[in-house]
Ligand SMILES: [Zn+2]
């Protein structure tokens, strides 16, 4: 599949251009059993705008996820992938819904299985990853891990937030039991209240 064998063409421009080290894209499809047998280490970038399920969970993203994957076989003969990923995401602030920049990183250990029924045989330390026809889609793996590593909630620092903590506390104090915490309209109401108060002062 590799279009360029020689990595020293610096003209750039092609998506298949084989760039040096940290600017190289992670291959999207690999043969994981072979990589495990050879104990290969893959390091590369995944463009965040190529991950539609991540966009669904966390909004549109730009930039890259930095990924390191170490393929191997453990003492029990299990083929596994030890991985690390790091990305800077734009996540909506829970208070004001305006995105803020948030570093997300994850360490993970995947156990390769050829059939979903075999997932139960993996130890709890391993997340199952399904290998079909000896192929693995690394974009799917990275996207799954990124979604799993999303923080539950993010907030701006109080000084930077478009809704002050005071407003939020006074608004939610009395209705804490009934108000669903994820209701975005609660925030809109706070914003409306803020505008309404401006005239009073
Ligand atoms: Zn905010």
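Numbering (the working numbering), first residue to last: 1214 to 1414.
Glycine included, every Cβ here is placed at the ideal spot set by N, Cα and C.
- Query: Does DSSP put residue 1240 in a helix, a strand or coil?
  - Reply: coil
- Query: Near ligand 1, which residues have their beta-carbon less than 5 Å from any of its heavy atoms, given in chain order?
  - Reply: 1306, 1308, 1309, 1369, 1374
- Which value, in whole angstroms, describes the spacing of the CA atoms of residue 1255 and residue 1364? Within the model, the alpha-carbon separation for residue 1255 versus residue 1364 is close to 26 Å.
- Message: Buried or exposed, going by whether 16 or more other CB atoms sit within 10 Å of the CB of residue 1239?
- Response: buried
- Assigned secondary structure, residue 1342 (DSSP; H/G/I helix, E/B strand, else coil): Looking at residue 1342 - three-state DSSP - the assignment turns out to be strand.
- Backbone CA spacing between residue 1332 and residue 1340 [nearest angstrom]: 8 Å
- Could you check the C-alpha separation between residue 1236 and residue 1329 for me, to the nearest Å? 34 Å
- Buried versus exposed, by CB contacts within 10 Å (16 or more), residue 1273: exposed
- Query: Since residue 1328 sits in a beta bridge, which residues does DSSP pair it with?
  - Reply: DSSP output for residue 1328 lists no bridge partner at all.
- Message: At the level of alpha carbons, what is the spacing between residue 1324 and residue 1259?
- Response: A straight line joining the alpha-carbon of residue 1324 with that of residue 1259 spans about 21 Å.
- So is residue 1359 buried or exposed if we call it buried at 16+ other beta carbons inside 10 Å? So residue 1359 ends up on the buried side.
- Task: Run the CB neighbour count on residue 1277, radius 10 Å, all protein chains shown included, and call it buried at 16 or more, exposed below.
- Result: Residue burial is scored here from C-beta neighbours: residue 1277 has at least 16 other C-beta atoms within 10 angstroms and is therefore classed as buried.
- Query: Which of helix, strand or coil does DSSP assign to residue 1316?
  - Reply: Residue 1316: strand per DSSP, three-state reduction.
- Query: With 16 other CB atoms within 10 Å as the buried threshold, where does residue 1245 fall?
  - Reply: buried
- the region 1263 to 1270 in contact with the region 1286 to 1298 per 3-pair CB rule at 8 Å: no
- Message: Could you pull the DSSP bridge partners for residue 1288 from this structure?
- Response: Its beta-bridge partners do not exist; DSSP assigns none.
- Does the Cβ of residue 1310 have 16 or more other Cβ atoms within 10 Å, making it buried, or fewer, making it exposed? Result: exposed.
- Task: With a threshold of 16 other CB atoms inside 10 Å of the CB of residue 1308, please say whether the residue is buried or exposed.
- Result: buried
- Own chain, CB closer than 6 Å to residue 1283, minus 5 neighbours either side, in chain order: 1254, 1295
- Run through DSSP, which three-state label would residue 1472 get? Nothing can be reported for residue 1472: it is not among the residues displayed for the chain, which extend from 1214 to 1414.
- Query: Candidates 1243, 1321, 1366, 1344: which alpha carbon is nearest residue 1302's?
  - Reply: 1366
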